[in-house]
């Protein structure tokens with residue numbers, strides 16, 4: 356690896372720019388089956404170490420000490436004992452991207468797995484699948500240019516060049532979604548001018564969304580919103596192909612908010628919306644499998660102390676059908692989301708919605724990514 360190649364590896368644009376300009380490129384169809392197991396494996400992990408992207412760069416280097424990284428001759432990055440050159444981009448004192456280049460030897464492939472594991476926080480749980488990905492699929496990547504592979508809330512940009520021993524360049528950065536791509540939220544908690552935004556895509560029939568209501572919403576309400584610089588935006592994302600009552604539940608929540616606002620005022624309507632959402636999640640098992648859940652929705656609203664006058668009529672009229680459908684379209688087509696709950700902080704996906712530290716890390720990371728990233732000097 357010569358100095359020019361290394362500078363190419365470590366002097367990349369900021370991670371935010373990469374995720375915005377390159378991330379839109381669709382994943383090659385031949386790689387979809389390879390990328391999926393990475394997502395499935397990490398989604399099933401019972402717990403992971405905290406991601407090091409968004410933390411001081413020294414934490415990444417310390418975690419990779421077994422690979423004996425030493426400064427490159429020109430001082431622009433690091434090289435492992437197996438000859439793989441890598442770098443860390445940082446801004447405002449936190450790492451925003453890791454990258455590297457070298458021969459596709461087995462030792463280097465193992466290091467790539469470790470690098471992704473450390474940077475993402477998924478550790479050994481993702482290191483082996485990443486290494487296997489390069490061992491088994493590198494030939495399909497050779498000569499096709501840079502390809503983006505989705506690894507949970509991150510993008511791994513891979514470019515393999517043919518040779519007696521193929522050479523690989525890799526960049527690993529958080530996925531970032533610009534604010535204007537989300538569209539208007541259905542409901543908001545917190546100050547409209549807050550600099551940090553938690554965006555929640557939810558499905559009222561989704562059991563995992565009920566878990567977010569129980570475990571994630573208390574974090575948002577009790578630890579983030581009281582700061583005064585955070586707001587929560589809710590977006591409907593009913594997974595109608597597997598949750599047949601999710602759409603009507605979303606429409607019912609909109610109807611109840613609207614009818615309450617008409618009877619009382621806007622603030623009362625908003626309070627009713629959030630109260631009804633919580634009640635629907637709590638009693639999800641009762642209505643999820645019903646052919647017509649509307650009568651039970653009326654009961655659930657009344658049991659929660661809400662007025663259900665006009666609720667069934669509003670839902671049957673389809674008054675909010677277009678609103679819910681447009682929210683679904685943005686999530687599924689524009690953002691290409693595939694599951695719920697999906698939670699963002701300032702355009703960055705949240706890995707562990709139960710941990711306030713993960714939200715705070717992403718706030719720091721978002722601010723850092725807005726600045727100019729520079730290679731970390733040895």
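In the numbering used here, the protein residues as written are 356 to 733.
Heads up, the beta-carbon is just placed ideally off N, CA and C, and yes, glycines get one too.
For residue 684, there is no enclosing beta strand (DSSP E); the residue is found in the alpha helix (DSSP H) stretching over 676–684. Residue 611 sits away from residue 547, with the two beta carbons spaced by 8 Å or more. Relative to residue 493, the option among 581, 449 and 460 whose CA is nearest is 460. As a beta-bridge residue in DSSP terms, residue 454 pairs with 442 and 526.
In the DSSP assignment, the residues bridged to residue 503 are 512. In this structure, residue 568 lies away from residue 706, with their beta-carbon atoms at least 8 Å apart. The alpha helix (DSSP H) runs lying completely inside the region 557–604 and spanning 4 residues or more are 562–566, given in chain order. For residue 632, the closest C-alpha among the options 565, 410, 600 and 649 is that of 565. If you look at residue 544, you'll find it in the beta strand (DSSP E) that goes 542–544.
In the displayed model, residue 466 falls within a helix according to three-state DSSP. Taking all protein chains in view, the Cβ of residue 499 is surrounded by fewer than 16 other Cβ atoms within 10 Å, so the residue is classified as exposed. Judged by DSSP in its simplified three-state form, residue 648 adopts coil rather than helix or strand.
Taking each of 653, 622, 504 and 585 in turn and checking the Cα distance to residue 607, the smallest one comes out for 653. In terms of CA proximity to residue 422, 465 leads the group 408, 465 and 446.
Taking the CA atoms as reference points, residue 733 sits about 35 Å from residue 709.
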